[in-house]
Amino acid sequence: MNRINKKLKEDGKLLSIYFTAGYPHLDDTVKIIGELEKNGVDMIEIGLPFSDPLADGPTIQESSTAALKNGMTTEILFEQLRDIRKTISIPLIIMGYFNPVLQYGVEAFCKKCREIGIDGLILPDLPFDVYQEEYENLFKKYGLLNTFLITPQTSDERIFQIDNASEGFIYMVSSASTTGAKQGFGSEQTNYFERIASLHLKNPQIVGFGISNTETFTEATEKAKGAIIGSAFIKHLTQNGVDSIADFIKLIRC
Amino acid sequence: MKDEINAPSSLGKRSVNSAYHANEKGYYGEFGGAFIPEMLYPNTEELRLNYIRIMEEPSFKQEFDQLLKDYVGRPTPLYFADRLSKKYGTKIYLKREDLCHTGAHKVNNTIGQILMAKKLGKNRIIAETGAGQHGVATATVCALMGIECVVYMGEIDIARQAPNVARMKMLGAEVRPALSGSRTLKDATNEAIRDWINNPVDTHYIIGSVVGPHPYPDMVARFQSVISEEIKWQLKEKEGHENPDYVVACVGGGSNAAGAYYHYLDDTNVGIIAVEAAGKGIDSGESAATSALGKVGIIHGSKTLLMQTQDGQITEPYSISAGLDYPGVGPMHAHLFRSGRGEFISITDDEAMTAGLEVSQLEGIIPAIETSHAFAIFDYKKFKKDDVVVINLSGRGDKDLQTYIDYFRL
Ligand SMILES: Cc1ncc(COP(=O)(O)O)c(C=O)c1O
């Protein structure tokens, strides 16, 4: 069974952390992953940086630009991750935009992920229908779970379609926004969380965007299985460096 | 031809099984589609489900036509360029989009889209701009309709296009600097898309060319198709037949070209010539010749040809002309290139500037530097004496005066 599915079956709420590979320094990738696992994080999204991250707010834009300046490439990331499964056992997901994957070759990319022990991909700009028509078989062939996003604007009908096509979890974007944009949740989010819970989807949901502290983590996971933190973690890395990852995780899960 | 002048615009009506127009999913051959994050899905879906229906409403057509006539100044003339024709030994007609209000073809699209936004009940407009022409055309129609307008513009472009920034401000628009990435047109487009993600309900995004996710390339092409619709009856009046031998246009994103080609795309006896900016030369590392340098990829939600690194990072193009300085090309043009339907020629900065000066002095028309590229093809493409060649004069050169002054030390 895929590590993601196993993890989703565990009791308790899951904490997933996103970071941009190649930031703050080109060679921080393995160290960051190790620190995150050591400090009890349940799942990691490794961000493959892209020059034009449409769905991201300033924090992840800046970390992506910096990572590319540092020299990060798809090839280098795969090289850094080559032996990652000798030490790391939690699920690892690569999150990025579709164009770098397309240039690497979608099949070659999937194959490499399998070799390394990557469990899934999140490619926000690979649309659901294109995935189903052109790439689903490839992802399955290499044992990769693909995760789709839903937002407060996504219709129930489309959510059910996405639920049907998913085999891991559904990424619930907390509000109509780019990453890191909103501070705290309001009644719009509460209603949305309740609406999704009432649909009784077959896949668990993990909430992302706008989660930055214990309070938002707790609110987000009241109904959902887990939550993803990205921008807040990257800000912490910028301010405190990779040696202080334990402090950040303690702040979320106290 | 009075009947044609008074007939309502077809707004791009076309035969169903065209080989060169978008299919119902927004694909031109292998290019196009909507590669967008889910956050944008409701926005583009609302447009996709409604744009053709709205365009076909008689009240929409009537308002569009009225504004194009009384406000934009259409039909724009099709002018026989006598001295230029003599010089190059062929029959050259100029489609005078430079005479449109605001000085370029861009306003055909912004008029259409502001009416579309009103029909969709939107009360806020966003746009991206590079040189500022599309920003000015958007700010203009927003002033006309009394709608709030925010234009994203790269920080670097704001510094080098000061007069257009001032025009937008005078027209009441807010100009927001795009501070991310390379701080030029592609980043301004990213910022506009991010704004739309954050404001999905009340805001319409007026994209400035035949780029972006479906249905934008098709919608913008339909609004611009008025150009070739007019060329057809104007040419019939002057030459006795609707079809020229060639239609020539410069291609940045490709909207003026899409409009000039539109009604000729399926008439394969009409040659289609697309002119791209080679910048300092195709192999110089400073170029915007997407057909020569691009590979298939995804930019701003569209699968098309784009300039990128081997690793799939989008690269920064270069051209002396800010309007051609885009790393991609609309999916229609990627398909015209791949299928061989279009002939693509790239022109350097120097060749374009020289051609711009020549047209100024032979015809008394100072073209926009974008258009000057289209006038520089005669060294690369020979025409027969009785060929009829229509060049789309997409814009006038007022906005480029400083660049011409610096280049020619005027
Ligand atoms: C006069 C003129 N021509 C051409 C262009 C290029 O755009 P497109 O290729 O969409 O026509 C521009 C863009 O700013 C322009 O101002």
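Those sequence lines, one after another, are chains S and H.
Numbering follows full-length UniProt numbering, in which position 82 of the first sequence is assigned residue number 82; successive positions increment by one, without gaps.
Numbering follows full-length UniProt numbering, in which position 197 of the second sequence is assigned residue number 197; successive positions increment by one, without gaps.
A virtual CB, placed ideally from N, CA and C, is assigned to each residue, including glycine.
Please read all numbers here as calculations on a predicted model, not as lab measurements.
Residues sharing a beta bridge with residue i, DSSP
| i | result |
| --- | --- |
| residue 251 of chain H | Answer by DSSP bridge pairing: none, since residue 251 of chain H is not bridged. |
| residue 176 of chain H | H:152 |
| residue 172 of chain S | S:150, S:207 |
| residue 95 of chain H | H:78, H:392 |
| residue 124 of chain H | H:148, H:203 |
| residue 274 of chain H | H:249, H:344 |
| residue 15 of chain S | S:227 |
| residue 145 of chain S | S:120 |
| residue 31 of chain H | H:28 |
| residue 138 of chain H | None; residue 138 of chain H has no bridge partner. |
| residue 179 of chain S | DSSP, once it has assigned bridges, lists no residue as partnering residue 179 of chain S. |
| residue 279 of chain H | H:348 |
| residue 102 of chain H | BP columns for residue 102 of chain H are empty, so no partner. |
| residue 129 of chain H | H:153 |
Outcome for residue i when other beta-carbon atoms lying within 10 angstroms are tallied against a minimum of 16
| i | result |
| --- | --- |
| residue 193 of chain S | buried |
| residue 2 of chain H | Low confidence applies here, because residue 2 of chain H scores a pLDDT of 46, under 50, leaving its location unreliable and the question unanswered by this model. |
| residue 277 of chain H | buried |
| residue 408 of chain H | exposed |
| residue 364 of chain H | exposed |
| residue 16 of chain S | buried |
| residue 361 of chain H | exposed |
| residue 373 of chain H | buried |
| residue 163 of chain H | exposed |
| residue 87 of chain H | exposed |
| residue 402 of chain H | exposed |
| residue 114 of chain H | buried |
| residue 397 of chain H | buried |
| residue 90 of chain H | buried |
| residue 160 of chain S | exposed |
| residue 8 of chain H | exposed |
| residue 51 of chain H | buried |
| residue 74 of chain H | buried |
| residue 1 of chain S | exposed |
| residue 105 of chain S | exposed |
| residue 173 of chain H | buried |
| residue 170 of chain H | exposed |
| residue 231 of chain S | buried |
| residue 108 of chain H | buried |
| residue 206 of chain S | buried |
| residue 399 of chain H | buried |
| residue 405 of chain H | exposed |
| residue 248 of chain S | buried |
| residue 54 of chain S | buried |
| residue 201 of chain H | exposed |
Endpoints, alpha helix (DSSP H) assigned at residue i
| i | result |
| --- | --- |
| residue 59 of chain H | 58–67 |
| residue 34 of chain S | 29–38 |
| residue 66 of chain S | 58–69 |
| residue 112 of chain H | 106–119 |
| residue 121 of chain S | Run containing residue 121 of chain S: none in the alpha helix (DSSP H); it sits in the beta strand (DSSP E), 120–122. |
| residue 165 of chain H | 162–170 |
| residue 373 of chain H | 369–374 |
| residue 50 of chain H | 41–55 |
| residue 218 of chain S | 214–220 |
| residue 79 of chain S | 74–80 |
| residue 293 of chain H | 290–293 |
| residue 409 of chain H | From DSSP, residue 409 of chain H is part of no alpha helix (DSSP H); its letter is neither H nor E. |
| residue 246 of chain S | 245–252 |
Endpoints, the beta strand (DSSP E) within which residue i is located
| i | result |
| --- | --- |
| residue 45 of chain S | 43–47 |
Specify whether the stretch 284–291 of chain H and the stretch 313–330 of chain H touch according to this definition: at least 3 beta carbon pairs, one from each stretch, less than 8 Å apart. yes
Please give the ranges of any alpha helix (DSSP H) in the stretch 295–367 of chain H, keeping only runs that are unbroken, at least 4 residues long and fully inside the region. For the stretch 295–367 of chain H, the full-length alpha helix (DSSP H) segments reaching 4 residues or more read 331–339, 349–363 along the chain.
Alpha helix (DSSP H) segments (min. 4 residues) lying fully within the stretch 178–202 of chain H: Counting whole runs of 4 or more residues, the stretch 178–202 of chain H contains the alpha helix (DSSP H) stretches 185–198.
Kindly confirm or deny that the stretch 197–215 of chain S and the stretch 236–246 of chain S touch, where touching means at least three C-beta pairs closer than 8 Å. no
Any 3 or more C-beta pairs closer than 8 Å across the stretch 31–40 of chain H and the stretch 124–136 of chain S: yes
Assess contact between the stretch 151–159 of chain H and the stretch 185–195 of chain H, defined as three or more Cβ pairs (one per stretch) separated by less than 8 Å. Is contact present? yes
Do the stretch 106–121 of chain S and the stretch 137–147 of chain S make contact, defined as three or more Cβ pairs closer than 8 Å? yes
Specify whether the stretch 250–259 of chain H and the stretch 323–337 of chain H touch according to this definition: at least 3 beta carbon pairs, one from each stretch, less than 8 Å apart. Contact between the stretch 250–259 of chain H and the stretch 323–337 of chain H is present, because at least three Cβ pairs lie under 8 Å.
Tell me the start and end of each unbroken beta strand (DSSP E) in the stretch 86–110 of chain S that is at least 3 residues and wholly inside, in chain order. 92–95
Quick check: the stretch 338–351 of chain H against the stretch 386–397 of chain H, are at least 3 beta-carbon pairs closer than 8 Å? no
Can you find at least 3 beta carbon pairs, one from the stretch 133–148 of chain H and one from the stretch 290–303 of chain H, that sit closer than 8 Å? no
Does the stretch 42–62 of chain S come close enough to the stretch 70–80 of chain S to have 3 or more Cβ pairs within less than 8 Å? yes
Any contact between the stretch 218–232 of chain H and the stretch 255–270 of chain H? By contact I mean 3 or more CB pairs, one from each, below 8 Å. Contact check between the stretch 218–232 of chain H and the stretch 255–270 of chain H: three or more CB pairs, one atom from each, fall below 8 Å, which counts as touching.
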